[in-house]
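Notes follow the structure.
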Amino acid sequence: MSVNPLEVVRKCISTEITKELNLDHNVIEELFTVPREEYGDLTIVLSKMFKDNIQSNKLVEVVKRCSYIEKAKAVGMYINMWFNKPRFTELVFRSIVANETSYGIYKEEKPKRIVVEYVSANPIHPLHIGAARNAAIGNFIANINKAVGNNVQTRFYINDVGRQTAILTLGVKQLKDIEPPKDVKPDHWIGLIYAITSTIIEIISIKRSLELEKNEEKRKEMQRELDGLLIDASRLREQAPDIFDTILEKLKNMDIEKEISKDL
1 MSVNPLEVVR KCISTEITKE LNLDHNVIEE LFTVPREEYG DLTIVLSKMF
51 KDNIQSNKLV EVVKRCSYIE KAKAVGMYIN MWFNKPRFTE LVFRSIVANE
101 TSYGIYKEEK PKRIVVEYVS ANPIHPLHIG AARNAAIGNF IANINKAVGN
151 NVQTRFYIND VGRQTAILTL GVKQLKDIEP PKDVKPDHWI GLIYAITSTI
201 IEIISIKRSL ELEKNEEKRK EMQRELDGLL IDASRLREQA PDIFDTILEK
251 LKNMDIEKEI SKDL
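Residue numbers (UniProt numbering): 1 to 264.
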């Protein structure tokens, strides 16, 4: 049995119209809409071929042949219909019993290809409830679309996975003997380590590139970038001099990219 009782009623009505007027079943299916409560339970929006009163009145009698329809009325370009409540209620309960946990999940007639990107937590900033919220919402949207038959890909974009996490891990490894201060939130502590490590890595990388670069314009551009990073580094060192100096001392002679690749 169909998980959609309303679909059963629509097919019942469209079958009667098809038999009477020899119209295409798919065309009739496109004419249905759910109206405001005072206009009934289901409405047919008449196309131009049905707009004269004689045709409208004829259709009223035709749709009433469906056992799920108790009353029908032609109003302008619409045929408003009211369900036979006992019959429709029986249909709903039979559908619930037959389909159990799948009741209410209506399969797409033309499945879509859908990509859901979600989560996006970032170690540069403090962690917050929004990251958990986005994980739940994204997972829900993906599961709903899968349930209705769409082809769903989930892209779990968490910005602290991949290179950023590898950089954070590298920084934490250099601080084996340093405990986080008790008055600092854990996520703020993690963010500070990441910011220090990332900035130091960028500074070291640009300095090494400067030694090899021959193009004067590129050297000037790199120097401007380096100057900005050195200002950032100075501010970070003011916040945590011990952490900054420890990480800098251990990274300056390290093959940084090789170490990062170990955690990717």
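All C-beta atoms in this analysis are idealised placements derived from N, C-alpha and C, irrespective of residue type, glycine included.
N-terminal and C-terminal residue of the alpha helix (DSSP H) that residue i is part of
i	result
ILE247	241-251
ASN143	129-147
ASP18	For the record, residue 18 in the displayed sequence is Thr; it is not Asp. Start and end: 5-21.
ARG87	85-99
residue 272	Shown here, the chain extends from 1 to 264; a query on residue 272 therefore has no answer.
ILE260	256-262
ASN26	25-29
Sequence-distant residues of its chain with Cβ nearer than 7 Å to residue i (five each side left out)
i	result
GLY171	ILE193, TYR194, ILE196, THR197, ILE247
ALA132	none
GLU16	VAL62, VAL63, ARG65, CYS66
ILE96	TYR103
Separation of residue j from residue i, as counted between CA atoms
i	j	result
ASP245	ASN143	48 Å
residue 265	LEU251	No information on residue 265 is available, as it lies outside the stretch 1 to 264 that the chain covers here.
ALA135	THR154	11 Å
PRO180	GLU225	31 Å
ASP160	TRP82	Confidence at ASP160 is low in this model, with a pLDDT of 48, below 50, so its placement is unreliable and the value that follows should be read with caution. Approximately 56 Å, taken between the alpha carbons.
residue 305	ARG237	Outside the displayed span of the chain (1 to 264) sits residue 305, for which this structure offers no information.
ILE178	ARG163	23 Å
ILE129	LEU6	40 Å
GLU30	TYR118	35 Å
residue 265	PRO111	One cannot answer for residue 265 here, as it falls past the ends of the chain, which runs 1 to 264.
GLU37	THR43	11 Å
LYS176	GLY228	29 Å
GLN223	GLU211	11 Å
PRO86	ASP187	59 Å
ALA74	VAL34	15 Å
TYR106	ALA147	8 Å
VAL45	MET77	6 Å
GLU202	ILE243	17 Å
LEU21	ASN84	24 Å
ARG235	ASN215	31 Å
GLU217	LYS207	16 Å
Host beta strand (DSSP E) of residue i (start-end)
i	result
LEU46	From DSSP, LEU46 is part of no beta strand (DSSP E); its letter is neither H nor E.
LYS185	Looking at the DSSP string, LYS185 is not in any beta strand (DSSP E), and its letter there is neither H nor E.
VAL115	113-119
Residues near residue i in its chain [Cβ-Cβ closer than 8 Å; skip 5 each side]
i	result
SER205	ILE256
ASN150	GLU108, PRO111, LYS112, ARG113, ILE114
ARG219	LEU210, GLU213
LEU23	ILE17
Those residues which DSSP pairs with residue i across a bridge
i	result
MET81	LEU42, ALA72
THR33	THR43
residue 271	With the chain covering 1 to 264 only, the question about residue 271 has no answer from this structure.
Proximal residues to residue i (C-beta, below 6 Å), its chain only, five neighbours per side dropped
i	result
LEU59	ILE79
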